[in-house]
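Shown next, in structure tokens, is the structure this report addresses.
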Amino acid sequence: EAQVTQNPRYLITVTGKKLTVTCSQNMNHEYMSWYRQDPGLGLRQIYYSMNVEVTDKGDVPEGYKVSRKEKRNFPLILESPSPNQTSLYFCASSSQGSATNEKLFFGSGTQLSVL
Amino acid sequence: QKEVEQNSGPLSVPEGAIASLNCTYSDRGSQSFFWYRQYSGKSPELIMSIYSNGDKEDGRFTAQLNKASQYVSLLIRDSQPSDSATYLCAVINNTDKLIFGTGTRLQVFP
């Protein structure tokens, strides 16, 4: 089954404790992206990657890191989480870049709470 | 001014009615427009895309685009309680960036 797999689904952590949210897709997609979704603010892009070893900042990259060492994986790293990073996070992928993506496939989301 | 604007709702319609969801965008050079549906606690899923002025129909869904007025709408005919969800408008702007609106919550009551 074609899918984007995110883990964990829920995560509660404390300020300053490094964490990684994993994302993996099995569709051989070149484009992958991370979003956060907050009430009243909608989906905002954190980082995206057009291909292996190519990553770029989105609209809200501060406090986050990503890597794209393999085509299928695109982990999101919070080196020192803060309470303002409490949010619902989605990983997404598509077969083309954002300019022409016909369809973004979303992971099931990670609800992160930073205390 | 937000680049993609939607009324947050909720929009309440009775079962069987037509639900009309609207979205306006600010970048006149935008070329691609999408509607995603997001059930509570779930991830967004694409239901419609439209690229040229006019109407595009897919089953009970019709997307309408008016580039001169910079709005895109989604009509849902014969609304069902299972259509109750948040509908996200998304636009690819003149710099090839995909921008999401904040979504309109639709409630279809029996």
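Chains A and B supply the protein sequences, listed in that same order.
For the first sequence, the numbering used here gives the first residue as 24, with consecutive numbering after it.
For the second sequence, the numbering used here gives the first residue as -13, with consecutive numbering after it.
Think of the CB as a built atom: it goes at the ideal place given N, C-alpha and C, for glycine as much as any other residue.
- As computed with DSSP, residue 34 of chain B is found in a beta bridge with B:21.
- One Cα belongs to residue 129 of chain A, the other to residue 33 of chain B, and the distance between them is close to 13 Å.
- Fewer than three pairs of CB atoms, one per stretch, sit closer than 8 Å, so the region 70 to 88 of chain A makes no contact with the region 16 to 33 of chain B.
- Neighbours of residue 88 of chain B in chain A, taken as residues at a C-beta separation under 7 Å, are given in chain order as 63, 64 and 65.
- Check the Cα spacing between residue 93 of chain B and each of B:73, B:82 and B:38: the tightest is with B:73.
- At least one beta carbon of chain B lies nearer than 8 Å to the beta carbon of residue 113 of chain A.
- B:62 is the residue among B:62, B:-8 and B:-6 whose C-alpha sits nearest the C-alpha of residue 41 of chain B.
- Annotation: Cβ neighbours of residue 129 of chain A in chain B (cutoff 8 Å, chain order): 29, 30 and 31.
- In the same chain as residue -1 of chain B, and ignoring 5 residues on each side of it, the C-beta atoms closer than 8 Å to its own belong to 5, 65, 92, 93, 94 and 95, in chain order.
- Taking a contact as a CB-CB distance under 8 Å, the pair residue 55 of chain A and residue 97 of chain A counts as one, their CB atoms being some 4 Å apart.
- Using a Cβ distance threshold of 8 Å, residue 84 of chain A and residue 69 of chain A count as a contacting pair.
- Nearest CB-CB separation between residue 126 of chain A and chain B: below the 8 Å threshold.
- As for any beta strand (DSSP E) of minimum length 3 sitting wholly inside the region 83 to 127 of chain A, the runs are 99 to 101 and 110 to 117, ordered along the chain.
- By the beta-carbon neighbour count (other beta carbons within 10 angstroms, threshold 16), residue 76 of chain B is buried.
- In the three-state scheme derived from DSSP, where H, G and I count as helix and E and B as strand, residue 62 of chain A is classed as coil.
- Residue 8 of chain B and residue 70 of chain B do not touch by the CB rule: their CB atoms are close to 18 Å apart, not below 8 Å.
- With its beta carbon at least 8 Å from every one in chain B, residue 39 of chain A lies outside the interface.
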